[in-house]
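4 protein chains.
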Amino acid sequence: MCTITEQFARIIENSNKEDLAILTDYLSNFEKKQQGEFSTYLSASLNMTRITDEQSSVVAIPNTPFIHNNVAIPHGGILAVLLDTAMGTLANSKCPNGTTAVTTNLTIHYLTVATEETISARAHIIRSGRHTMVLEGNIFQADGKHIATATGSFFIIPEKKESITALQQ
Amino acid sequence: MCTITEQFARIIENSNKEDLAILTDYLSNFEKKQQGEFSTYLSASLNMTRITDEQSSVVAIPNTPFIHNNVAIPHGGILAVLLDTAMGTLANSKCPNGTTAVTTNLTIHYLTVATEETISARAHIIRSGRHTMVLEGNIFQADGKHIATATGSFFIIPEKKESITALQQ
Amino acid sequence: MCTITEQFARIIENSNKEDLAILTDYLSNFEKKQQGEFSTYLSASLNMTRITDEQSSVVAIPNTPFIHNNVAIPHGGILAVLLDTAMGTLANSKCPNGTTAVTTNLTIHYLTVATEETISARAHIIRSGRHTMVLEGNIFQADGKHIATATGSFFIIPEKKESITALQQ
Amino acid sequence: MCTITEQFARIIENSNKEDLAILTDYLSNFEKKQQGEFSTYLSASLNMTRITDEQSSVVAIPNTPFIHNNVAIPHGGILAVLLDTAMGTLANSKCPNGTTAVTTNLTIHYLTVATEETISARAHIIRSGRHTMVLEGNIFQADGKHIATATGSFFIIPEKKESITALQQ
Numbered sequence: 001m002c003t004i005t006e007q008f009a010r011i012i013e014n015s016n017k018e019d020l021a022i023l024t025d026y027l028s029n030f031e032k033k034q035q036g037e038f039s040t041y042l043s044a045s046l047n048m049t050r051i052t053d054e055q056s057s058v059v060a061i062p063n064t065p066f067i068h069n070n071v072a073i074p075h076g077g078i079l080a081v082l083l084d085t086a087m088g089t090l091a092n093s094k095c096p097n098g099t100t101a102v103t104t105n106l107t108i109h110y111l112t113v114a115t116e117e118t119i120s121a122r123a124h125i126i127r128s129g130r131h132t133m134v135l136e137g138n139i140f141q142a143d144g145k146h147i148a149t150a151t152g153s154f155f156i157i158p159e160k161k162e163s164i165t166a167l168q169q
Numbered sequence: 001m002c003t004i005t006e007q008f009a010r011i012i013e014n015s016n017k018e019d020l021a022i023l024t025d026y027l028s029n030f031e032k033k034q035q036g037e038f039s040t041y042l043s044a045s046l047n048m049t050r051i052t053d054e055q056s057s058v059v060a061i062p063n064t065p066f067i068h069n070n071v072a073i074p075h076g077g078i079l080a081v082l083l084d085t086a087m088g089t090l091a092n093s094k095c096p097n098g099t100t101a102v103t104t105n106l107t108i109h110y111l112t113v114a115t116e117e118t119i120s121a122r123a124h125i126i127r128s129g130r131h132t133m134v135l136e137g138n139i140f141q142a143d144g145k146h147i148a149t150a151t152g153s154f155f156i157i158p159e160k161k162e163s164i165t166a167l168q169q
Numbered sequence: 001m002c003t004i005t006e007q008f009a010r011i012i013e014n015s016n017k018e019d020l021a022i023l024t025d026y027l028s029n030f031e032k033k034q035q036g037e038f039s040t041y042l043s044a045s046l047n048m049t050r051i052t053d054e055q056s057s058v059v060a061i062p063n064t065p066f067i068h069n070n071v072a073i074p075h076g077g078i079l080a081v082l083l084d085t086a087m088g089t090l091a092n093s094k095c096p097n098g099t100t101a102v103t104t105n106l107t108i109h110y111l112t113v114a115t116e117e118t119i120s121a122r123a124h125i126i127r128s129g130r131h132t133m134v135l136e137g138n139i140f141q142a143d144g145k146h147i148a149t150a151t152g153s154f155f156i157i158p159e160k161k162e163s164i165t166a167l168q169q
Numbered sequence: 001m002c003t004i005t006e007q008f009a010r011i012i013e014n015s016n017k018e019d020l021a022i023l024t025d026y027l028s029n030f031e032k033k034q035q036g037e038f039s040t041y042l043s044a045s046l047n048m049t050r051i052t053d054e055q056s057s058v059v060a061i062p063n064t065p066f067i068h069n070n071v072a073i074p075h076g077g078i079l080a081v082l083l084d085t086a087m088g089t090l091a092n093s094k095c096p097n098g099t100t101a102v103t104t105n106l107t108i109h110y111l112t113v114a115t116e117e118t119i120s121a122r123a124h125i126i127r128s129g130r131h132t133m134v135l136e137g138n139i140f141q142a143d144g145k146h147i148a149t150a151t152g153s154f155f156i157i158p159e160k161k162e163s164i165t166a167l168q169q
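Residue numbers (full-length UniProt numbering), protein chains in the order written: chain A, 1 to 169; chain B, 1 to 169; chain C, 1 to 169; chain D, 1 to 169.
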């Protein structure tokens, strides 16, 4: 305990304003995860919110330096996290009890750079079969700019840990 | 300062063993970022290492609960981060001075679940043109299992922040 | 001349009903190509019709045994011809004078088997940039069934034969 | 019979050298289809040859004006036919008896223009599961030029016509 607390004090001392903002967000969301507001460390670290209804699933994160690549724009892989989560959440909401949907294919076209404070991906279903689903996901800004478009294929498998591990496609 | 330190103490107090491991890694890598060992918050949070040579670029991260989705397997989007970073790093290493490569298209096939302690993506170049590049990226385990295969298209643009923002394709 | 006419007579003699239907269509469209109704041998052989307006391009072909694979359903590659042609036609209609759009990336999800008499692909533009375009294409049946969904990236190049051959991306 | 023979004579009369070459090839391969050398009208019209062994499948066609688009280069969709056929042929050769593999996803990157007399696609297997397969296909020229790279997902279904039509994924 001691070491980590000392390390934390040292980090705070050496933090610039951006470091401090990142750290504050991280801890705040980490605590919310402990309180059950986030289901995974990853969604907590990204401060991810999800809304799913019958037709679509919307997943949003703040556009902060935490997700930027080294040319200071949102990392393409993080947009993939967002699109995959939106599509996967909707796919799972449609799966019969005892089954879960795993991504088998993800294709993303990056159209332009996300510049607004929030980045939000919306998914809808293209085709829903017994064994596979195909979904579309899009990232649009509030100003109408189309940031990215994606399609994903999902495979529906029994929801036991072992089957997921074996991924018996 | 006071609030964040109190919050940190509270988080530590409420942490289970997994929380503590995640937090310890996060802080340790955050400090390394402050010391210049990581170039971005994201690469620090993922504890990402990169090795690039003439032919390929290899990007690796530890396979910890930090990157897991809510069925406890590595999030497909994080594998996308890895693959996009490996391909983008190699593409950038080949760009003429004053230019940078941005991802325009990313296609990933997820083949099976990554189960080893380290997840490692290796990229190589398929085609290198004046304006665009196409790369391939693969995630293989040490035991030979093929986890994911990806292709990416990159567009080469002037390295000024403004051009990136405008993404003048 | 003699040989080909003799061969043709022999083929006709050995033709079953399906052969004869295929041959009749082929010759009929070949003659239309000679009369300028089709711009390429390929579009003639597929009896392809195109309608392009401001927003979209629609390309249709009859669903005959000519395009079937060896399990007697339309060949996936022919649907690719249709989708690529619809997207490419629309992309080209938006290109500035003296430039042309070439496909750099094509991703297709096959959703279900086309069973109607006509197969029709409709394209629309997702993003139109100075150097690249991204389009979406879909094949829907009149009965509402979604047969295939596709996205394509196009690169805009000078319209000289040499540049196309060099494909100076 | 009379009409089609008259029409054929008229077409021959109006044919330029290129027309005649296309027509000669078409009839010659149509007759070979009647004699059982080709399994489909499409493979006959493209004069397609296939060689499949344990590791790979190679599908080749001549690069003639028959497959050219209206900027006189091979139509991207025809390269898709080639790549899909190579991957599908190999996938099917690995399917258990009584099952067949249908394409669910096809992604192609077009790298440069095919200029040699023969265009040849080679497929190999990336992953072979119980229900799905992922393959890679590439078009290389004899001179070493990489023309296109593709990946495809295939779904394994019972080989009855009805199942294919229903495509019970």
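No residue lacks a Cβ here, since even glycine has one placed at the ideal position from N, Cα and C.
All values reported here derive from a predicted model rather than from experimental measurement.
Hey, does residue i have any beta-carbon neighbour from chain A nearer than 9 angstroms?
i	result
Ile156 (chain C)	no
Thr132 (chain D)	yes
Thr112 (chain C)	yes
At the 9 angstroms Cβ level, is residue i part of the contact set with chain D, yes or no?
i	result
Thr107 (chain A)	yes
Gln168 (chain B)	Residue placement at Gln168 (chain B) cannot be trusted, given a pLDDT of 38 that sits under 50; what the coordinates show is reported in the next sentence. Not one chain D Cβ lies under 9 angstroms of Gln168 (chain B).
Arg122 (chain C)	no
Glu136 (chain B)	yes
Thr5 (chain C)	yes
Pick from the options: whose alpha carbon is nearest that of residue i?
i	options	result
Pro96 (chain D)	D:Ala121, D:Tyr41, D:His68 and D:Phe155	D:Phe155
Pro62 (chain C)	C:Ser153, C:Leu79, C:His146 and C:Ile108	C:Leu79
Leu158 (chain C)	C:Arg10, C:Ser120 and C:Thr132	In the sequence on display, residue 158 (chain C) carries Pro and not Leu. The shortest C-alpha separation from Pro158 (chain C) is found at C:Thr132.
Gly152 (chain A)	B:Leu27, B:Gly76, B:Glu13 and B:Leu20	B:Gly76
Ile147 (chain A)	A:Leu135, A:His124 and A:Ala114	A:Ala114
Asp19 (chain A)	B:Leu42, B:Leu20, B:Lys145 and B:Asn16	B:Leu42
His68 (chain C)	D:Asn69, D:Asn16 and D:Val81	D:Val81
Thr89 (chain C)	C:Glu117, C:Ser39 and C:Glu116	C:Ser39
Lys160 (chain B)	A:Lys33, A:Ala72 and A:Ala21	A:Ala72
Verify whether the separation of the beta carbon atoms of residue i and residue j is less than 9 angstroms.
i	j	result
Ser45 (chain A)	Arg122 (chain A)	no
Val59 (chain D)	Thr85 (chain D)	yes
Leu135 (chain B)	Ile108 (chain B)	no
Glu31 (chain B)	Gln35 (chain A)	no
residue 188 (chain D)	Tyr110 (chain C)	The requested residue 188 (chain D) does not occur in the structure, where chain D is confined to residues 1 to 169.
Asn47 (chain A)	Asn29 (chain A)	yes
Ile12 (chain B)	Thr5 (chain A)	yes
Lys145 (chain A)	Ile125 (chain A)	no
Gly129 (chain B)	Met87 (chain B)	no
Thr52 (chain C)	Arg127 (chain A)	no
For a cutoff of 9 angstroms on Cβ pairs, would you count residue i as touching chain C?
i	result
Thr104 (chain B)	yes
Ile126 (chain A)	yes
Ile119 (chain D)	no
Met1 (chain D)	Low local confidence applies: a pLDDT of 47 at Met1 (chain D) is under 50, so the model's placement there is unreliable, with the coordinate-based value given in what follows. So yes, Met1 (chain D) belongs to the interface.
Glu159 (chain D)	yes
If residue i sits next to residue j, beta carbons under 8 angstroms apart, how far is it from one beta carbon to the other, in whole angstroms?
i	j	result
Ile119 (chain A)	Pro74 (chain A)	6 angstroms
Ser143 (chain B)	Glu116 (chain B)	The identity of residue 143 (chain B) in the sequence shown is Asp, whereas the question assumes Ser. Asp143 (chain B) to Glu116 (chain B), Cβ: 7 angstroms. Contact.
Ser15 (chain C)	Leu23 (chain C)	6 angstroms
Determine, using beta carbons only, whether residue i comes closer than 9 angstroms to chain B.
i	result
Ser153 (chain C)	yes
Asp19 (chain A)	yes
Ile51 (chain A)	no
Quick check on residue i - is its C-beta less than 9 angstroms from some C-beta in chain G?
i	result
Gly77 (chain D)	Absence of chain G from the displayed structure is noted, the protein chains being A, B, C and D.
- Task: Below 8 angstroms between beta carbons is the criterion; list the residues of the segment 77-102 of chain D that meet it against any residue of chain C, in chain order.
- Result: Gly77, Ile78, Ala80, Val81, Leu82, Leu83, Asp84, Thr85, Gly88, Thr100 and Val102
- Task: Check distances from the C-beta atoms of the segment 140-151 of chain C to those of chain A and list, in chain order, the residues that come in under 7 angstroms.
- Result: His146, Thr149 and Thr151
- Check each residue of the segment 14-45 of chain D: if its Cβ is closer than 7 angstroms to any Cβ of chain B, include it; give the result in chain order. none
- Item | Contact set between the segment 56-74 of chain A and chain B, restricted to residues whose Cβ is under 9 angstroms from the partner | Thr64, Pro65, Phe66, Ile67, His68, Asn69, Asn70, Val71, Ala72 and Ile73
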